[in-house]
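Per our numbering, the sequence shown starts with residue -8, numbered consecutively.
Even glycine gets a Cβ: it sits at the ideal position worked out from N, Cα and C.
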Amino acid sequence: MKSIFINSIGVKSGKSLLAWALGLIFEKEGLKVGYFKPVGVRPEVVDGVLTDHDAHLMKNVLKLKDPYHLICPVVLNHDTIFAIFRRKVGSVLKEIEDSYRKLSIDKDIVIIKGGNSFFEGSIVGANGVTLTKVLNTKVLLVDRFVSDVTFVDNVRFIKELLGDRLQGVIITQVMPEKIDYVNNVVMPFIEGDGIPVYGAIPEDKFLGAISIRKACEVVAGEVISCKDRLEELATNYVIGAMDLELAINYFRRINNKIVITGADRSDLQIAAMETSTKGIILTGGRYPNSVVIGKAEEKGIPIIVVNLDTYSTVERLDKAVVTLDFEDEKKIGRYLKLFREHIDLNKLKEDFNINR
């Protein structure tokens, strides 16, 4: 049995999309694939069983037969965290190791997904560095490109932590204007340190898009116009809190957006509707006037009223964009295309000793 431990420095790196894509690719090649999430931090109850959101998603999209308690043996829900702080829970490494061993029995390849960083899980003695040793696996580091120096700093730091257990790197979310520089300068530099880089995936706004329906759900909003347009995808969201002239110029520069503003700013709401806007969220629990609602119906733009303040609304949307969901199956086709165009899959399989 072979394994790949996908991990990153921080959030929004694309770990879940990569795990999903590799799972589909390996299944298509005839391999028996397993998915393992040692420590879950997004608890969900599925058919009466406590599990993690990622475990629920991957079990379904990859059609896995393994039970949830093997796919994700440790879930940090409220009760568990409370017990931890009362010193009622210690290290969970044996539980993780036993579950991994059982899950691996009939598999050709197990895709292990790490936490939001290498440090996540330390509270139960199961951070990414420790798990690579306990599970005897090698790491595929996937991280988004912010800047050349920052990326190289991150890779070199992880190399110091992991040593030879860092098998290789995939760079994600590279701005289009930087892709040649990353391919021709940054990648060769990292490889000069003896660290394979399998490719750089360019930024694609669609992969970070959120449907208006999902946005409405995460902010617990009420839709008061155009309920038939909730499947529209927004790739940006902006806060409307400036004067009208500035807002008009701002709104014109940003396409496919959700505008977050107050119900009393009807001027901003109408201005937003004259630009590329997919939805409007009104904070504070107040409703817009009839003119705004009529304009929204005319333009086909859903208006969502929420009882949250602006900060809380943005915070919830941020978390929703980071998290893959069942409705995101339409994104995987786009990601697979980018993956095949920009990643050296054969080299990756060779380095991780994955053969059929």
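Could you tell me the alpha carbon to alpha carbon distance between His60 and Thr42, rounded to whole angstroms?
7 angstroms
Who pairs with Gly270 in a beta bridge, going by DSSP?
Ile249
From which residue to which residue does the alpha helix (DSSP H) around Ala206 run?
203 to 209
Spatial neighbours of Val177 within its chain, please: CB distance less than 6 angstroms, with the 5 preceding and 5 following residues excluded, ordered by chain position.
For Val177, same chain residues with a beta-carbon under 6 angstroms away, outside a window of 5 residues either side, are Asp139 in chain order.
Assess contact between the segment 195 to 213 and the segment 225 to 240, defined as three or more Cβ pairs (one per stretch) separated by less than 8 angstroms. Is contact present?
yes
Taking 9 angstroms as the cut-off, decide whether the C-beta atoms of Lys19 and Val312 are in contact.
no
What is the DSSP secondary structure of Ile162, counted as helix, strand or coil?
strand
DSSP state of Lys104 mapped onto helix, strand, coil
strand
Please confirm whether Phe343 and Gln164 have their CB atoms less than 9 angstroms apart.
no
DSSP-derived helix/strand/coil call for Asp134
strand
Using a Cβ-Cβ cut-off of 6 angstroms (strictly less than) and excluding sequence neighbours within five positions of Val115, which residues of its own chain qualify?
Val83
To the nearest angstrom, report how far apart Asp309 and Phe330 are at their CA atoms.
24 angstroms
I want to know whether the segment 248 to 259 touches the segment 186 to 196 - three or more CB-CB distances under 8 angstroms.
no
Complete alpha helix (DSSP H) runs within the segment 60 to 84 (minimum length 4 residues, chain order):
69 to 76
Start-end ranges of the beta strand (DSSP E) lying completely within the segment 252 to 313, minimum 3 residues:
268 to 274, 294 to 296
Which value, in whole angstroms, describes the spacing of the CA atoms of Ala211 and Arg307?
10 angstroms
Val176, enclosing alpha helix (DSSP H) - first and last residue
For Val176, no alpha helix (DSSP H) run applies, since DSSP gives it neither H nor E.
Please confirm if the segment 121 to 132 is in contact with the segment 147 to 161, defined as three or more CB-CB distances below 8 angstroms between the two stretches.
yes
Is the Cβ-Cβ distance between Ser360 and Val133 less than 9 angstroms?
Residue 360 lies beyond the range of the chain shown here (-8 to 347); nothing can be said about it.
Using 8 angstroms for Cβ pairs, my map puts Val143 next to Ile100. What's the rounded Cβ distance?
Going by Cβ atoms, the distance from Val143 to Ile100 rounds to 30 angstroms, so no, they are not a contact pair.
So for Asn127, helix, strand or coil by DSSP?
coil
Taking C-beta to C-beta, are Ala263 and Val282 nearer than 9 angstroms?
no
Classify Asn346: buried if its beta carbon has 16 or more other beta carbons within 10 angstroms, exposed otherwise.
exposed
Using DSSP with H/G/I as helix, E/B as strand and the rest coil, what is Lys54?
DSSP places Lys54 in coil when its eight states are reduced to three.
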